[in-house]
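Colleague:
2 protein chains.
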Amino acid sequence: MMNATENINTWITHLSAKAKMSISVDCVIFGYDEEGLKVLLIDCNMPSYEGKKSLLGDLVEVNETLENAVTRVLQKRTTLTDLYFEEVKSYSDPDRHPLGRVITLAYYSFIKISDYKIHDTEDKHLEWISINEIPDLAFDHQKILEDCYLRLKKKIRTHPIGFSLMPKKFTLMQLQNFYEAVLQIKFDRRNFRRKLNSLDLLIDLEEIQDNVSHRPAKLYSFDFKKYNQLLKSGDLNFAL
Amino acid sequence: MMNATENINTWITHLSAKAKMSISVDCVIFGYDEEGLKVLLIDCNMPSYEGKKSLLGDLVEVNETLENAVTRVLQKRTTLTDLYFEEVKSYSDPDRHPLGRVITLAYYSFIKISDYKIHDTEDKHLEWISINEIPDLAFDHQKILEDCYLRLKKKIRTHPIGFSLMPKKFTLMQLQNFYEAVLQIKFDRRNFRRKLNSLDLLIDLEEIQDNVSHRPAKLYSFDFKKYNQLLKSGDLNFAL
DNA sequence: GTATCTTTGTGTCGATGTGACACGTTTTAT
DNA sequence: ATAAAACGTGTCACATCGACACAAAGATAC
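If you're matching them up, the sequences are chains A and V in order.
Numbered according to the working numbering, the first sequence spans residues 176 to 415.
Numbered according to the working numbering, the second sequence spans residues 176 to 415.
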């Protein structure tokens, strides 16, 4: 019987094998291209979920952190390294996985779809699906995806994480389209531009669009240097 | 060797015993009384951390969710049920726990210290410590506490979670003291009152303080009913 | 019972940010 | 030359925010 004080942080002397379980990470990999916001999903062929799609995830190995595991999954599935990702929350229903007790931690990441290349030709089962056309997913992945999407929407309004998904040179309209696609809301064009200008994080490249059959727009780039300075000094005041 | 597609969500057929580990929850139990913001800590007598204090946590059992485990820990340590708590993040350094591989999920809760009673007389090692006098803690609990405190401060500015820690009848000055203690910042009295009034969530009880040797203040209570309505309708616009 | 102490309660002004809103400009295509 | 398409710009009303000072209420001391 446990002493009143005894717990994982005080007096116990060994870890019972009975209380061990599997941990996984599940990544909601958001991607953006000019068609809109998409999510990378894979076919799930596990009995009882056959035909459904699922998020990308894997078991955490005994000698790695959860962040290591996420990095591993992201690299395997996108070939990209150094991706931005963020922990969202845990899912721990004892019955959530048919193979047994698996607690999972959900993460989301966000990449430029044009940077993405299929890593392995065997991965025919990987697919970008529009955020508006998500089918029924296996396990509790529907809920995970929802929670991660909410988190992304909250994050992107207060942190300029979206700019690395823009082309190097972009127009204000492309930027607005990006925010409208991710947040699924419309902005007033004039107010959006006023806001972005007031942040003073865009560099006017003094160039204009080419090959468009209408008045060409001015091109901008994002001032990552200034952004990082502001971030360090704590004076970043981004809000959309 | 793993097939390109094989992972926890697709084709594997069994969970390897080798990849199993222990999971714990650690709770930062914040408490408030008129002396200020405190944290409930316990003595840690585990070799290599002897003499240090630690957060309250426990191993997650195979048949319970993380939330169940948190509820269990909170009830054991405070005797209180139905406490508010929130997941913060995971800590998964393979070397973070001397007994072996233990991934932990951090949660914080927030209670009225006057509601708290020592549950078990053996728990002489439990103590409320002022947020400004936190000693060195065992494991990575320093970091966990910091992260949870940051989260609490962020949360309390946008959600009126603090009102259940007030007496049933309170003065605006008591409320301001509460926010100042938790956030460790000062508010202008007039602006604070204007803000709170504009939220329209306080009920003027038309009573005044008693037994004070100065001008007595008006007493208010929190309109939980209206708050819950606003919460449901999504019109809650709380920000301090 | 008057003076003093302590804490309460209250309003204004200037600055800043936000939502709503319309028209002339630039380029290409015909 | 004209039409089509998207670009680029400014104002006004309104709400919010920080800064700031003084009179009122009750208790206490003399």
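Just so it is clear, CB atoms sit at the ideal spot from N, CA and C, and this is done for glycine as well.
1) Can you pull the chain V residues whose beta carbon is under 7 Å from the beta carbon of R276/A, in chain order?
2) What residues from the segment 214 to 233 of chain A come within 8 Å of chain V, judged by C-beta to C-beta, listed N to C?
3) Run down chain A in chain order and give the residues with a C-beta less than 9 Å from the C-beta of S267/V.
4) Can you confirm whether L392/A, when its beta carbon is compared against all beta carbons of chain V, has any partner nearer than 8 Å?
5) Residues of chain A with CB under 8 Å from E302/V, in chain order?
6) Excluding the 5 residues flanking L380/V on each side, which residues of the same chain have their C-beta closer than 8 Å to its C-beta?
7) On the DSSP letters alone, give me the boundaries of the beta strand (DSSP E) that I378/A sits inside.
8) Of all Cβ atoms in chain V, is any one closer than 8 Å to the Cβ of T180/A?
9) Can you list, in chain order, the residues of its chain whose CB lies under 6 Å from that of E382/A, leaving out five sequence neighbours each side?
10) Below 8 Å on the Cβ atoms is my guess for H316/V versus D218/V; work out the distance and round it to an integer in Å.
11) Indicate the three-state DSSP secondary structure (helix, strand or coil) for Y224/V in the structure shown.
12) Quick one: what's L212/V bridged to in DSSP?
13) Taking only three categories from DSSP, how would you classify Y266/V?
14) Closer than 8 Å, CB to CB, is N184/A near chain V or not?
15) Is the CB-CB distance between F285/A and F205/A below 8 Å?
16) Using beta carbons (cut-off 8 Å, strictly below), is H189/V in contact with chain A?
17) Using DSSP bridges, identify the partner residues of M196/V.
18) From this set, E302/A, L327/A and L371/A, which residue's C-alpha is nearest Y282/A's C-alpha?
19) Starting from E262/V, find everything on chain A with Cβ-Cβ shorter than 8 Å and list it in chain order.
20) Cβ of A414/A less than 8 Å from any chain V Cβ?
21) Provide the residue span of the alpha helix (DSSP H) that contains Y354/V, from first to last.
22) With a threshold of 6 Å on Cβ separation, who are the neighbours of M177/V within its own chain once the five nearest residues in sequence on each side are excluded?
23) Between S267/V, L376/V, I288/V and A414/V, which lies nearest to K329/V when the distance is taken from Cα to Cα?
24) Where does A244/A fall in DSSP's three states?
25) Can you say whether P335/A is buried or exposed, counting buried as having 16 or more other CB atoms within 10 angstroms of its CB?
26) Show which residues of chain V have a CB atom less than 8 Å away from the CB atom of A313/A.
27) In the DSSP assignment, find the unbroken alpha helix (DSSP H) run with R405/V in it and report its ends.
28) Please state whether DSSP places E308/A in a helix, a strand or coil.
29) Report yes or no: do three or more beta-carbon pairs, one from the segment 226 to 233 of chain V and one from the segment 299 to 314 of chain V, lie closer than 8 Å?
30) For the alpha helix (DSSP H) that contains T279/A, what are its first and last residues?
31) Just reading off the alpha helix (DSSP H) that D322/V is part of, what are its end residues?
32) Taking 8 Å as the threshold (beta carbon to beta carbon), is L330/V in contact with chain A?
33) Of the choices W303/A, S305/A and L371/A, whose alpha-carbon is the least far from that of R332/A?
34) Can you tell me whether D290/V is helix, strand or coil according to DSSP?
35) Between M176/A and chain V, is there a C-beta pair that is closer than 8 Å?
Modeller: Let's see:
1) V237
2) I217, D218, C219, N220, M221, S229, L230, L231, G232 and D233
3) I198, V235, E239, T240, L241, E242, N243, A244 and L280
4) Position check: residue 392/A holds Ala in this sequence, whereas Leu was assumed. Closer than 8 Å: no.
5) The premise fails here: E302/V is roughly 12 Å from chain A at the closest Cβ pair, so nothing lies under 8 Å.
6) K344, K393, L394, Y395 and S396
7) L377 to I383
8) yes
9) L394
10) At roughly 13 Å, the Cβ-Cβ gap does not stay under 8 Å, so H316/V and D218/V are not in contact.
11) coil
12) Y207/V
13) strand
14) yes
15) yes
16) yes
17) M196/A
18) L327/A
19) K264 and S265
20) no
21) L347 to L358
22) Note that M177/V scores a pLDDT of 48, beneath 50, so its modelled location is shaky; the value from the coordinates is reported in the next line. The answer is none, since no qualifying residue turns up.
23) A414/V
24) helix
25) buried
26) N184
27) What sits at residue 405/V in the sequence shown is Leu, not Arg. Where L405/V is concerned, the enclosing alpha helix (DSSP H) stretches over F399 to S408.
28) helix
29) yes
30) T279/A -> not in any alpha helix (DSSP H); beta strand (DSSP E) instead, spanning V277 to K287.
31) H316 to T333
32) According to the sequence as given, residue 330/V is Lys; it is not Leu. Not closer than 8 Å to any Cβ of chain A, the Cβ of K330/V fails to qualify, so no.
33) L371/A
34) helix
35) Because the pLDDT of M176/A is 45, which lies under 50, any placement of that residue in the model is unreliable, and the number read from its coordinates should be weighed accordingly. No, because no Cβ of chain V sits closer than 8 Å to the Cβ of M176/A.
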